[in-house]
Structure formats: structure tokens, C-alpha cells
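*Asks:* The following block contains the structure, expressed as C-alpha cells.
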Amino acid sequence: MRFKKYLFILIFIISLSFFSFSVLNSSYIVNFEFYTYKGEKYSLKNFKGKYILLNLFTSYCPMCLIELNTLNKLNNSCKSDGYKIISLLVDKEGITLLPKIVNSRNITYTVGIAPSEIYKIFPDFSITPTTYILNQNGNLVERVVGYKSLKEWIKILNKYVRCN
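Structure representation (C-alpha cells):
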């Protein structure tokens with residue numbers, strides 16, 4: 001009985017490590033177009049030359065909404081020009097809520113609506129929040145799954161750009 005309990009705990013811990021943080025090596029260049037909640041059209045190639053923290057979230061995920069606040073603090077505290085934060089809503093049911101979500105949090109970075117093909121672009125995407133980090137050429141270099149604190153985000157970001 002004890003063995004089964006410890007085996008279950010071990011399997012659980014190992015599975016968490018796969019979901020919490022993963023480094024991806026990819027020569028595939030990620031590029032797609034999206035619209036902000038204000039209707040402005042962007043392409044990821046508009047941000048070439050910068051690292052992109054591409055955060056995917058849902059309107060019904062409490063940790064996603066908390067992470068929006070954390071990413072906003074990161075955006076306001078790390079004054080490097082070498083990166084851009086973009087959060088994209090993936091649930092179409094939440095589109096009408098998006099202006100309220102952004103305005104109530106005074107978000108100062110780009111927030112938009114994920115294109116319908118987002119699951120094809122990121123086939124490993126299944127848990128929110130998930131943040132993909134793209135390098136200056138648009139290559140996928142890291143995937144961060146789950147909520148991270150401001151301190152954790154600064155540590156992650158410092159691997160790529162100099163953050164205060």
C-alpha cells in the first residue's frame with residue numbers, strides 16, 4: 001500500500017515537471033496575424049529584432065487573469081527595449097469581456113485575440129496560461145506553462161534580455 005502511494009506521488013511530480021517548464025529547440029519561425037481588442041491588426045513579424053513573450057490565456061481562468069497583472073508589472077518594471085509582451089485570448093466566448101479585462105487592470109502592453117489556427121501553430125498548447133518565448137528571429141526558444149510570479153518572470157526574461 002505504501003509503495004503504491006509513493007509511486008503515485010513520484011509519477012505526479014514527474015508529470016508536473018513536464019507541464020511546468022519546457023525548453024524548445026526549433027528552427028520553425030512563428031509568424032501569424034492577430035487583432036488587438038481595439039481592432040488594430042498586428043503580425044508577429046512587426047516585432048522582429050525583439051524577444052516576444054507570447055502569453056495565451058482564457059477569460060475564465062483565474063490564474064490567467066492574475067498572470068495578466070503580473071505580466072503588466074513585468075512590462076512596467078523591466079525597461080529593456082529588447083522584448084515585447086503580447087497576451088492573446090484563446091476563448092472566443094470571452095471576446096466581449098476583453099476590453100473590460102484589459103481596462104480594469106490598466107494593462108499597458110499589447111493584448112489581442114488569438115487567431116483560430118493557434119492550436120495548429122502551437123500543437124503542444126493545452127493548458128492556460130501558457131507563454132511561448134520567441135527569439136529576435138521569431139524562433140520558438142522556450143515554453144512556460146502555468147502561472148509564474150514577477151520574480152520568476154524576471155529570472156526567465158533575464159536569460160534573454162537585460163532586465164533591471
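Heads up: the sequence shown begins at 1 in full-length UniProt numbering, then just goes up one per residue.
For every residue, glycine included, the Cβ atom is placed at its ideal position computed from N, Cα and C.
Taking one C-beta from the segment 128–139 and one from the segment 55–70 each time, how about it: are there three or more such pairs within less than 8 Å?
*Replies:* yes
*Asks:* Check whether the segment 42–56 touches the segment 105–118, counting contact only when three or more Cβ pairs, one atom from each stretch, lie closer than 8 Å.
*Replies:* yes
*Asks:* What are the boundary residues of the beta strand (DSSP E) that includes Thr131?
*Replies:* One-based indexing of the sequence shown puts residue 131 at position 131. Element bounds for Thr131: 130–134.
*Asks:* Go through its chain and collect everything with a Cβ distance to Phe19's Cβ below 6 Å, but skip five positions before and after it.
*Replies:* Translated into the one-based positions of the sequence shown, residue 19 becomes position 19. Confidence in Phe19 is poor, its pLDDT being 38 and thus under 50, which makes the residue's placement unreliable; the coordinate value appears in the next sentence. The residues are Val145.
*Asks:* For Ile121, which residues in the same chain have their Cβ closer than 7 Å to its Cβ, ignoring the five residues on either side in sequence?
*Replies:* Mapped onto the sequence shown, residue 121 falls at position 121. Excluding sequence neighbours, Ile121 sits near Val30, Phe32.
*Asks:* Are any of the Cβ atoms in chain B nearer than 8 Å to that of Ile118?
*Replies:* Structure shown: chain B not included; a single protein chain is present.
*Asks:* If I follow the unbroken beta strand (DSSP E) through Tyr119, where does it start and stop?
*Replies:* The residue labelled residue 119 in the question sits at position 119 within the sequence shown. That residue, Tyr119, is in no beta strand (DSSP E); its alpha helix (DSSP H) goes 118–121.
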